[in-house]
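> Position one of the sequence shown corresponds to residue 1 (my numbering), numbered consecutively onward.
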Amino acid sequence: MQVMVRGKGVVVTDALREYADKRLSKLEKHFKNLHTATVTQSVSGREHRVEVLLDGDGVKVRSEEHGDDLYAAMDRISDKLERQMRKFKDKAGANCHVGKNAHHHYGKHGEVSSLKDAEIIDELPPDEPVTGRIVRHKRFEIKPIGAGEAVEQMELLSHNFFVFENADTGEVNVLYRRGDGNYGILEPGG
């Protein structure tokens, strides 16, 4: 796996680069098909942050961590990624392969349900103001995948939702994590 390290507000030394390479190369024992790891190290005031994006055959994993220094943040993020990948591998089975031929196995807290099974949440009452604003607009490529692979991708990205083209229906769906630990799928239509 190729590890690329860049800095924002910090000069990336050879020692930092080698440390990131050493810590992330251990992840290859979980997934042999990882090709690149892009590490962004940043310092803003006293905050030391490390963000990692792993990219491989049919898989993207993103995570970020903070620490007292960049080495501590790198330790925390590599440990976190290893736990994520171990958890994913345990769910998928011992012979896990990420991508089109992935094995799908989910326990009772990992079942994919449809929107029909979800509780309907009422709209906000009119007297409560809506706060927040759109602060980011993102475009991304959508490839047809099954619901099981969408769950895997969402878990690896540490997101609470995932937009995908359902390979079975050809429609764009939104997978989301429910409060009870299961998953739901939003489908278009009436």
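We put the beta carbon where it would ideally sit given N, CA and C, even for glycine.
According to DSSP, which residues form a beta bridge with N173?
F164.
> In the DSSP assignment, what are the bridge partners of E51?
Bridge partners of E51: T40 and E64.
> Grouping DSSP H, G and I as helix and E and B as strand, with all else coil, what is K138?
K138: coil per DSSP, three-state reduction.
> Can V3 and V39 be called in contact, C-beta distance under 8 Å?
Yes, Cβ-Cβ distance for V3 and V39 is below 8 Å.
> Check each candidate in L157, E155, L156 and A150 and name the one with the smallest Cα separation from L186.
It is A150.
> Can the beta-carbon of V191 be found less than 8 Å from the beta-carbon of L157?
In this structure the chain extends from 1 to 190, so residue 191 is not present and cannot be described.
> Would you please state the rounded distance, in angstroms, between the beta carbons of T36 and M1? I believe it to be under 8 Å.
Sure, about 7 Å apart at Cβ, within 8 Å.
> Between which residues of its own chain and E64 is the CB-CB distance below 8 Å, once the five residues before and five after are set aside?
Taken in chain order, the residues that qualify are R49, V50, E51, V52 and I77.
> Report back the beta-carbon spacing between K143 and E165 to the nearest angstrom; my notes put them in contact at under 8 Å.
Going by Cβ atoms, the distance from K143 to E165 rounds to 7 Å, so yes, they are a contact pair.
> Put G184 into one of helix, strand or coil per three-state DSSP.
Strand at G184.
> Return helix, strand or coil for Y106, following the three-state DSSP convention.
Model confidence at Y106 stands at a pLDDT of 34, short of 50, so the residue's coordinates are unreliable and nothing is read from them.
> Assuming Q41 contacts G7 under a Cβ cut-off of 8 Å, what Cβ separation, rounded to an integer in Å, is found between them?
Indeed they touch by this definition, with Cβ atoms about 5 Å apart.
> Measuring only the C-alpha atoms, how far is D14 from D79?
For D14 and D79, the distance between alpha carbons rounds to 22 Å.
> Since M154 is in the alpha helix (DSSP H), which residue starts that stretch and which ends it?
Start and end: A147 to L157.
> Within this structure, are the beta carbons of D168 and G189 separated by less than 8 Å?
Contact: no.
> Helix, strand or coil for M74? Go by DSSP, reduced to three states.
Residue state, collapsed to three classes: helix.
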